[in-house]
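For reference, the structure is listed below as structure tokens.
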Amino acid sequence: MDRTPPPSVTGSGAMHRFRSELRAWRVRQGLTQRALAERVRFSRETVAAVESGRRYGSHEFAVRCDEVLGTDGRLAALWPQVAQEQLAADGRRGPRSGDVERPGPTVAAPVVRRDARDPQAVVAAIDELRELIGQVLGGQPEADVPPRPSGGRSGRS
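For the sequence shown, the numbering used here gives the first residue as 21, with consecutive numbering after it.
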């Protein structure tokens, strides 16, 4: 989630706490925005935009900043509240130009962490993705999806 927050969000709430904490920890560590950006593998522009409130970062951005700045997970802990603010802001603004409005759930599903080594968890995640893809495609039944090409080499002699 890396969209531009509306002006009403940039001055208060979780996003304000997030960007204030980010800047305070960066300054405390003696890092410039460029130096932090290089260490977290994001652009300097992203770091500057998140700190100024012109842009939301992402959960990955928060986690990497926590690791580099040694915040003991403070930024990632703020992230669920920042994400809620972003969802609320997106709802207030409506679809952006070029977006196609599709029917579907209006509340984001909770993020469920699964062990990628557990085959049943992987199958469950794939099933959820298939369902989500079906919703995004307008609820097309699976029968309308073209079959996957086979691995064999038919037609060659």
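Glycine included, each C-beta is placed from N, C-alpha and C at the ideal position.
Checklist entry - Buried or exposed: which applies to Ala20, given that a residue is buried once 16 or more other Cβ atoms fall within 10 Å of its Cβ? => result A query on residue 20 cannot be resolved here, the shown segment of the chain reaching from 21 to 177 and no further.
Next on the checklist: Give the list of continuous alpha helix (DSSP H) stretches no shorter than 4 residues that lie fully inside the segment 21 to 88.
Outcome noted: Fully enclosed alpha helix (DSSP H) runs of 4 or longer: 27 to 30, 33 to 48, 53 to 60 and 64 to 72.
Next on the checklist: Quick check: the segment 73 to 85 against the segment 37 to 57, are at least 3 beta-carbon pairs closer than 8 Å?
Outcome noted: yes
Checklist entry - Which of the three DSSP states, helix, strand or coil, is assigned to Leu98? => result Walking along the sequence shown from the start, residue 98 turns up at place 78. Leu98 falls in the helix class under three-state DSSP.
Item to check | Whole-Å CB distance - Tyr76 paired with Val102, under 8 Å assumed | outcome: Residue numbering aside, residue 76 sits at position 56 when the sequence shown is read from its first letter. Residue numbering aside, residue 102 sits at position 82 when the sequence shown is read from its first letter. Between Val102 and Tyr76 the Cβ distance is about 7 Å, and since that is below 8 Å, they are a contact.
Item to check | Rounded C-alpha distance that separates Gly50 from Ala109 | outcome: Sequence index remark: in the sequence shown, residue 50 carries index 30 (1-based). Sequence index remark: in the sequence shown, residue 109 carries index 89 (1-based). Answer to the nearest angstrom: the Cα atoms are 33 Å apart.
Next on the checklist: In whole angstroms, give me the CA-to-CA distance for Gly93 and Gln140.
Outcome noted: Taking the sequence shown and counting its residues from 1, one reaches residue 93 at position 73. Taking the sequence shown and counting its residues from 1, one reaches residue 140 at position 120. Cα to Cα, the separation comes out at about 30 Å.
Item to check | Counted within 10 angstroms of its Cβ, other Cβ atoms place Asp86 as buried (16 or more) or exposed | outcome: As a first step, residue 86 is located in the sequence shown; it is residue number 66 there, counting from the start. It counts as buried.
Item to check | Nearest neighbour of Gly33, chosen from Asp138, Asp147, Gly154 and Gln104 [CA to CA] | outcome: Position 13 of the sequence shown, counted from the first residue, corresponds to residue 33. Nearest C-alpha to Gly33: Gln104.
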